[in-house]
Amino acid sequence: MNILLQWWSPFLPPAASTASSSVDNLYGFIFWLTMILFVLVMGPAAWFIYKYRLKPGEEAKPTPRITHHLGLELTWSIIPSILCLVIAVWGFWDFMVLGVAPADAEDIYVTGYKWGWRFEHKDGFRELNTLHIPEGKTIKLVMTSEDVIHSFFIPDFRVKHDLPPGRYTSIWFTPTSKAGSEHQVLCTEYCGDGHSGMLAKVFVWTPEQIRKLKEDGPPIPKTADEGKKVYLQKNCNTCHSVDGSKLTGPSFKGLWGTQQPLTDGTSALIDENFVRESILNPQAKVAKDFAPLMPSYQGLVAKSEMEALFEYLKSIK
Amino acid sequence: MADNNQGQHKSFYEEGGKGIMSWVYTLDHKRIGLMYLVSVLLMFAVGGILALLIRLELFRQGPTILTAHQYNQVFTLHGAIMVFMFIIPAIPASLGNFVLPLLLGTKDVAFPRINIFSYYIYVIGAIIAIASIIFGGVDTGWTFYTPYSTGSGGKVIWMVFGVFVLGFSSILTGLNFIATIHKLRAPGITWSRMPLFCWGIYATSLIQVLATPVLAITLLMLIIERAWGIGIFDPAKGGDAVLFQHFFWFYSHPAVYIMILPGMAIISEIIPTFSKKAIFGYKAIGMSSVAIAIIGFLVWGHHMFVSGQSQFASMVFSFLTYLVAIPSGIKVFNWTATMYKGTISLDTPMLYALSFLFLFTIGGLTGIPLAALSVDVHLTDTYFVVAHFHYVMMGGTVIAFYGGLHYWWPKMTGRMYNETLARLACALVFIGFNVTFLTQFILGSKGMPRRYYDYLPQYQTLHQVSTVGSWILGLGFLIMVSYLLASLKNGALAPANPWGGLTLEWQTSSPPPLHNFEKQPNTKIGPYDYGVPVPPKKPGTLEGAVHGTSS
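For the protein sequence lines, the chains are A and B, in the order given. Every number in my numbering is 64 more than the matching position in the first sequence, counting from 1. Every number in my numbering is 1299 more than the matching position in the second sequence, counting from 1.
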């Protein structure tokens, strides 16, 4: 069955939502239709080139004067028009389904910012660049942006929508994948230097697993390795390098334990308290030569995650 | 052919005077066309090198040769240079300027002074736009989407103002060609006997004159917002971010047809000449250009299916997009039918025309899934769009431009190029292009977003194949540069009519004299009257009782 689907709609990522099947069917229909049309156009062209080409040493003969043929011209105007009409109606039909969320969908709020995704569940549970959803549950994402236009794309679910600042847009989906599966989220509207790092992951879990996550927070050992995972998962890397190169924010290389100049002319020791304050209230102390662009991560980085991050920062010499 | 006029008449190179001033002050459409040609080729080289840099950066996952910020500036500049400084003026202003008056059997365009004026505006606009790199660079993408472009660092105003200025050059050229086609056709060249190149340029000029002012207004508003903080597009200042996209695409979608219609126009000349056969469906091809120009104004919303515009609007735009696809399809069928029972010679211009047929058909067909609303949700803003766009713009327009360049090269320079090397270069460009961009359709279907500096590991193999393709493509163009330059120096002298064409430019010497024709050209034969016994005008004007059979 799977192989048949791959054959019918090739190159698409694995299908993991209820929307995928109808979208993939239209994609497959268009894929094979255009293949046939391509052969129908290029086949005669190739045949004419082969048959009527001027062979070496051959004299050119006068060619017949064929200027038009009404029947032929009507055929190749009307048949493609009908095919296009069918595709247009089919595409619109599924688009309407994608555009109207079922009444029982659960709302989750999404905020895009330079450069990451914040998710807020109805019960106040907040996540950064991860979204945990119960298997089989219909979800409606109500989305907006804090700065420039971003676009929320889950290839496996076949959904995508822009997030213009100053207004809400939404998408919905029902995951068909089993608990334990992961799905990539990508930003698809160009938004600056961190655009390609503006990633997130959707985790389809059992309701029991999600309940436990909400109660306990993620259990994280305080090691540099775990800290590195937090660094990558929270997209710290889009602005802070670990190799000394200057991105939107200061590099973490050799930073821990040093005295660093600030924009207000004073300086600060980079220790646990400084890092904690910089994560929760970044505008309080801004490093010299950098713009105050970092958003607050209040409620988005758990205590255990922050402590692992300290260990990672210490390890970057 | 024995009708090589070399030696009998002076060419416009000699007649117009010598030295740099003879070019700076020239009013001759041929010289202006050549100045445009050199300029746009230079821009193509710069844009092409930037493209190679982009592909090199993407060869490996992670940072390779550029930082993220440099990468964003490079793809912005690649887009802006290729669109505004190369592709839009490429065919109309360079080849069009040179051959349009010849095809119409006239001495010059309607307004020669406006013609040279538009060239200098082009130069000034290009300098302003490119100066933005020296003074800090631009990283907004060539589409300048707000509110990113209102807030981003760099010299956005310089770039935008440069594009604003370039627009006037485009408007003036369009205006000039419309007037020329209406008023300066030689006796006997009626609307229905006008070469199809002229129909294509006519439709293009209409769009240039009607759509470009909208871009100018939009860019001006962007400048006002950036310079004085007046909220038009930035929601933080009370503006509407999506409004900019409506304004921008209201120009930039018709602009896609400014780019492709002249390409189609060249193909409509090359295929009959090298098939020695009457064009099939003259009226259908000519009218479809005009239909595309008109409907092309009504499809801009298909760039915005996931932007938040109303679903009803999206539906209308989807249907209209399919409507505009039909005339393009009709053209492809007509070109194919023209080859039926022809006598096909596969010289370099014809090889480019056939490459066009192949690549443009792929470009057109891959537009079908993008216009289907539900499928577009998945594909939009991925590499699928990048590939589709390049198949139409590069596989279509750029290939047609190089076809036209090879077709009219003997006429423009009076020299023939090395045919073997030319075929080799064409083959490399064709292969390199497909390797580069076919892979990108697959990348896009798999979900690879466009404008990404870095990517997930699963996309690396296809990115590497694509980058290798860009090297083949680059090699092809490098060979082209070498044999074209060599032909200027040691190429064989070109006969007046090297391809056995029937349009009027082949009735005059290569290169033509200052006033294009020594005597009034014979317009008794239509531009595509291959295989028709000819009413002789004067003995010795044309050879043979049947046209186009000698080569």
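All C-beta atoms, glycine included, are put in the ideal place defined by N, C-alpha and C. Here the structure is a predicted model, which means the values were calculated and not measured.
Please work out which residues of its chain come closer than 8 Å, Cβ to Cβ, to A:E336, disregarding the five sequence neighbours upstream and downstream, and give them in chain order.
Only F374 meet the Cβ criterion.
Beta-carbon within less than 6 Å of B:W1805's beta-carbon, same chain only, minus the 5 sequence neighbours each way: which residues are those?
Taken in chain order, the residues that qualify are N1796.
Does the beta-carbon distance from B:F1735 to B:L1784 come in below 7 Å?
According to the sequence shown, residue 1735 of chain B is Thr rather than Phe. Cβ atoms of B:T1735 and B:L1784: not closer than 7 Å.
Would you check if the distance between the CB atom of B:S1769 and the CB atom of B:R1354 is smaller than 7 Å?
A contact, by the Cβ cut-off of 7 Å.
Quick one: does A:W181 have its CB under 7 Å from some CB of chain B?
By this cut-off, A:W181 is not an interface position.
With a CB to CB cut of under 8 Å and the five nearest residues on each side skipped, what residues in its chain are close to B:I1426?
Here the set comprises G1461.
So, are the CB atoms of A:M207 and A:T233 less than 7 Å apart?
In contact: A:M207 and A:T233 (Cβ atoms closer than 7 Å).
If you check the beta carbons only, do B:A1367 and B:Y1752 fall under 7 Å apart?
A contact, by the Cβ cut-off of 7 Å.
Roughly how many angstroms lie between the CA atoms of B:L1765 and B:Q1739, to the nearest whole one?
Before going further, note that residue 1765 of chain B is Ser rather than Leu in the sequence given. Rounded to the nearest angstrom, the two C-alpha atoms are 7 Å apart.
Would you mind listing the alpha helix (DSSP H) stretches within the segment 1656–1743 of chain B that are 4+ residues and don't spill past its ends, in chain order?
Counting only runs of 4 or more, we get 1666–1670, 1672–1678, 1682–1691 and 1698–1712.
Assign B:F1434 to one of three DSSP states: helix, strand, or coil.
In this structure, B:F1434 counts as coil in the three-state DSSP scheme.
Is it true that the CB of B:I1778 sits closer than 7 Å to the CB of B:L1720?
Yes, the pair counts as a contact, with Cβ atoms nearer than the cut-off.
Determine the closest residue to A:S241 out of A:T82, A:E191, A:W72 and A:V212, with distance taken between C-alpha atoms.
Of the listed residues, the one whose Cα sits closest to A:S241 is A:T82.
Using a Cβ-Cβ cut-off of 7 Å, state whether A:F430 counts as contacting chain B.
Not covered by the structure: residue 430 of chain A. The range shown for chain A is 65 to 381.
State yes or no: is the C-beta of B:G1885 within less than 7 Å of the C-beta of B:G1703?
Absent from the structure is residue 1885 of chain B, since the part of chain B shown begins at 1300 and ends at 1850.
Check the Cβ of A:E137 against every Cβ in chain B and list those closer than 7 Å, keeping chain order.
Those are G1580 and A1583, listed as they occur along chain B.
Is the Cβ-Cβ distance between B:T1642 and B:K1575 less than 7 Å?
Yes, they are a contact pair.
Expressed to the nearest angstrom, what Euclidean distance is found between the alpha-carbon atoms of B:Q1369 and A:L118?
For B:Q1369 and A:L118, the distance between alpha carbons rounds to 51 Å.
Hey, quick one: how far does the alpha helix (DSSP H) through A:S331 stretch, first residue to last?
First-last for A:S331: S331 to L333, but that is the beta strand (DSSP E), not the alpha helix (DSSP H).
Check each candidate in B:P1794, B:W1457, B:P1648 and B:V1455 and name the one with the smallest Cα separation from B:I1565.
Of the listed residues, the one whose Cα sits closest to B:I1565 is B:P1648.
What runs of the alpha helix (DSSP H), each 4 residues or longer, lie entirely inside the segment 1439–1474 of chain B?
Runs of the alpha helix (DSSP H) inside the segment 1439–1474 of chain B: 1447–1450.
So, with DSSP's three-state summary, where would you put A:G176?
DSSP places A:G176 in strand when its eight states are reduced to three.
Do A:S86 and A:D168 have their C-beta atoms within less than 7 Å of each other?
Not in contact: A:S86 and A:D168 (Cβ atoms no closer than 7 Å).
Within 10 angstroms of the Cβ of B:E1524, are there 16 or more other Cβ atoms? Answer buried if so, exposed if not.
It counts as buried.
Quick check on B:T1696: buried or exposed, where buried means 16 or more other Cβ atoms within 10 Å of its Cβ?
The residue in question, B:T1696, is buried, as its Cβ has 16 or more Cβ neighbours within 10 Å.
State yes or no: is the beta carbon of B:D1646 nearer than 7 Å to at least one beta carbon in chain A?
Not closer than 7 Å to any Cβ of chain A, the Cβ of B:D1646 fails to qualify, so no.
Is there a Cβ from chain B that is less than 7 Å from the Cβ of A:P77?
Yes, contact with chain B.
Compare the beta carbon distance of A:Y361 and A:I380 with 7 Å and say whether it is the shorter of the two.
No, the Cβ-Cβ distance between A:Y361 and A:I380 is not below 7 Å.
Apart from the five residues on each side of it in sequence, which residues of its chain come closer than 6 Å, Cβ to Cβ, to B:V1674?
Excluding positions up to five away in sequence, the list reads P1668.
Going residue by residue through the segment 1536–1592 of chain B, where are the continuous alpha helix (DSSP H) segments of at least 4 residues, counting only ones entirely within it?
Qualifying alpha helix (DSSP H) stretches, in chain order: 1540–1574.
Please list the partners that A:V266 has in chain B, where partner means a Cβ-to-Cβ separation under 7 Å.
Per Cβ cutoff of 7 Å: no residues; A:V266 is ~13 Å from chain B at best.
Given this structure, state the Cα-to-Cα distance separating B:T1405 from B:T1325, to the nearest angstrom.
Rounded to whole angstroms, B:T1405 to B:T1325 spans 17 Å at the Cα level.
Below 8 Å on the Cβ atoms is my guess for B:L1518 versus B:F1463; work out the distance and round it to an integer in Å.
Between B:F1463 and B:L1518 the Cβ distance is about 5 Å, and since that is below 8 Å, they are a contact.
With a 10 Å radius around its C-beta and 16 neighbouring C-beta atoms as the bar for buried, classify A:I142 as buried or exposed.
Under this definition A:I142 is an exposed residue.
To the nearest angstrom, how far is the alpha carbon of B:V1339 from that of B:I1386?
Cα-Cα distance, rounded: 8 Å.
With DSSP collapsed to three states, give me the class of A:S260.
A:S260: helix per DSSP, three-state reduction.
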